[in-house]
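Taking my numbering, the leading residue of the first sequence gets 92, the next gets one more, and so forth.
The beta carbon of each residue, even a glycine, is placed where N, CA and C say it ideally should be.
On a predicted model such as this, the values are computed, not experimentally measured, just so you know.
Structure first, then comments.
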Amino acid sequence: MFKYEVIKTCKQSGARIGKLYTPHGIVDTPVFMPVGTNATVKSLAPRDLDDINASIILSNTYHLYLRPGHDLVKKAGGLHKFMNWNKPILTDSGGFQVFSLSKMRKITDDGVTFSSYIDGSKHYFTPERSIEIQEALGSDIMMAFDECTEGNADFKTARKALDRTMSWLDRCYKYKNKTAENQIIFPIVQGNMYKDLRLESLERILPYAECGFSIGGLSVGEPKEVMYEMLDILKPHYPSGQPRYLMGVGSPDCIVEGIMRGIDMFDCVLPTRIARNGTAFTKYGNLNVRNAKYKEDFTPIEEDCDCYCCRNFSRAYIRHLIMSGEILGGKLLTLHNLHFLIKLTENIRNAINEDRFGDFYKEFISNYDWNKKI
RNA sequence: GGAAGGAUUCCCGAGUGGCUAAAGGGAGCAGACUGUAAAUCUGCCGGCUCCGCCUUCGAUGGUUCGAAUCCAUCUCCUUCCA
92 MFKYEVIKTC
102 KQSGARIGKL
112 YTPHGIVDTP
122 VFMPVGTNAT
132 VKSLAPRDLD
142 DINASIILSN
152 TYHLYLRPGH
162 DLVKKAGGLH
172 KFMNWNKPIL
182 TDSGGFQVFS
192 LSKMRKITDD
202 GVTFSSYIDG
212 SKHYFTPERS
222 IEIQEALGSD
232 IMMAFDECTE
242 GNADFKTARK
252 ALDRTMSWLD
262 RCYKYKNKTA
272 ENQIIFPIVQ
282 GNMYKDLRLE
292 SLERILPYAE
302 CGFSIGGLSV
312 GEPKEVMYEM
322 LDILKPHYPS
332 GQPRYLMGVG
342 SPDCIVEGIM
352 RGIDMFDCVL
362 PTRIARNGTA
372 FTKYGNLNVR
382 NAKYKEDFTP
392 IEEDCDCYCC
402 RNFSRAYIRH
412 LIMSGEILGG
422 KLLTLHNLHF
432 LIKLTENIRN
442 AINEDRFGDF
452 YKEFISNYDW
462 NKKI
């Protein structure tokens, strides 16, 4: 039921395009997956996601387990039906919450105790529990339950987290309902910023990978160059027939750099979160529409962008909405930012298909500056 | 006409003799955000030649070593009684 085909490798850059077949449709890679943690990409309806050509989205095991509860989602007919999204869904395992809720959890080799961010109640997560919940949700791609560490973790901590992630991975697969062919597990490479650990991790997860695997624990506070270094180390050792998913990345520049380094799938909260906070992606850098200089700027966010936001509304109007706390402001910028990344991957796929991604890369990187304020 | 209360930095609003350029909100200005505890959070927010100085708490004058804080007069506002 799951299959990955490499369609073409760019002669100029070595980057590739492919097709990931899932029970809910085909995903063209490289792909950016919008994040819908709570069974919704914040502020958007599925129709909006269709409009910007989103082909797969991500949701979260831990959040949906806490509320409304995976049993309820199952009763509703599964996550796809519950949220009325008929294309593929990938669920994160709760592994990232091991990291992001560090002040509210306790880890042992067996599992993790979390205090609910909603009401403080205690909950125990294990690899088995995570898979059980993801099976109840019915996502296409389930993530292995892993331990993600801080970008500056010492070797001993990274080593321990890696070993724990490996043992948890084994338990995930052992628990998985083998008869359920409509769901697949992606194992996750960890190893923090230690090259030898990264390589070891990749080697150890590959026997588990059936049709795709992830690189986790990056973009967690380390400089971008360090992340790129890690990707460079891993690249020669990837099997070609499986998609590689770089978790939690990213920004436009990180996506372009990632694809150059062999990555096929990305997800990130950045486009949706910064949109709600008033920032828009552009091909030159970030535009903070709250800035006073846009008060009487009646041009669109990006003149040549064909998204609904840019075709119909001015910077001045969106600024007014954001400054007034109006919900439409965040929605319009969310549409723009997601469209920006999805269109970016589309353009890259075309470039790869035409053996000119090397040129595309050079041009993009020369124009783009994450730190530039538009 | 009489009585009472009040006027504080862009707005609201604390503050009743030194620790006050003046709490706290709001607005404004800027920044952060990368498998979402985030429509959140952080910083600035009288002026300057900025480790110090100058101007500010309705106005003017006074008491005091020292006042937004006490006194006098005035101006304006609110409420109540005629």
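- With respect to the 8 Å criterion, residue 318 and residue 334 are not classified as neighbours on the basis of their beta carbons.
- Positions of the beta strand (DSSP E) runs, each at least 3 residues long and wholly inside the region 257-288, are given as 275-277 in order along the chain.
- Here residue 246 is exposed, its C-beta having fewer than 16 other C-beta atoms within 10 Å.
- As a beta-bridge residue in DSSP terms, residue 335 pairs with 304.
- Comparing alpha-carbon positions, the option among 409, 249 and 264 lying closest to residue 282 turns out to be 249.
- Counting the other Cβ atoms within 10 Å of the Cβ of residue 348 gives 16 or more, which makes it buried.
- Distance from residue 304 to residue 232 at the Cβ level is roughly 11 Å; contact not present, criterion being Cβ atoms closer than 8 Å.
- Between the alpha carbons of residue 377 and residue 435 lies a gap of roughly 15 Å.
- Judged by beta-carbon spacing, residue 133 lies beyond the 8 Å limit of residue 381, meaning their Cβ atoms are not closer than that value.
- Look at residue 377 here: in three-state DSSP terms it is strand.
- In the structure shown, residue 214 falls within a strand segment according to DSSP collapsed to helix, strand and coil.
- By the neighbour-count criterion, in which a residue is buried when 16 or more other Cβ atoms sit within 10 angstroms of its Cβ, residue 338 is buried.
- Here residue 440 is buried. Its C-beta has 16 or more other C-beta atoms within 10 Å.
- Beta-bridge partners assigned by DSSP to residue 359: 125.
- As the crow flies, the alpha-carbon of residue 179 is around 29 Å from that of residue 455.
- If you draw a straight line from the Cα of residue 280 to the Cα of residue 414, it comes to about 42 Å.
- The Cβ atoms of residue 426 and residue 419 do not sit closer than 8 Å to each other.
- A distance of 8 Å or more separates the beta carbons of residue 295 and residue 321.
- For the set 236, 104 and 315, the Cα lying nearest the Cα of residue 460 is the one of 315.
- Within the region 111-165, the beta strand (DSSP E) runs of at least 3 residues that lie entirely inside it are, in chain order, 116-120, 122-125 and 148-151.
- The DSSP-derived three-state label of residue 109 is strand.
- With contacts defined by Cβ atoms closer than 8 Å, residue 359 and residue 126 form a contacting pair.
- Rounded to the nearest whole angstrom, the C-alpha separation of residue 213 and residue 157 is 11 Å.
- For residue 325, no beta strand (DSSP E) encloses it; the enclosing alpha helix (DSSP H) starts and ends at 315-325.
- For residue 450, the three-state secondary structure derived from DSSP is helix.
- The beta carbon of residue 203 is closer than 6 Å to those of 189, 196 and 216 in its chain, skipping five residues each way along the sequence.
- Residue burial is scored here from C-beta neighbours: residue 175 has fewer than 16 other C-beta atoms within 10 angstroms and is therefore classed as exposed.
- Residue 297 sits in coil when the DSSP states are folded into three classes, being neither helix nor strand.
- In the three-state DSSP reduction, residue 247 falls in the helix class (H, G or I).
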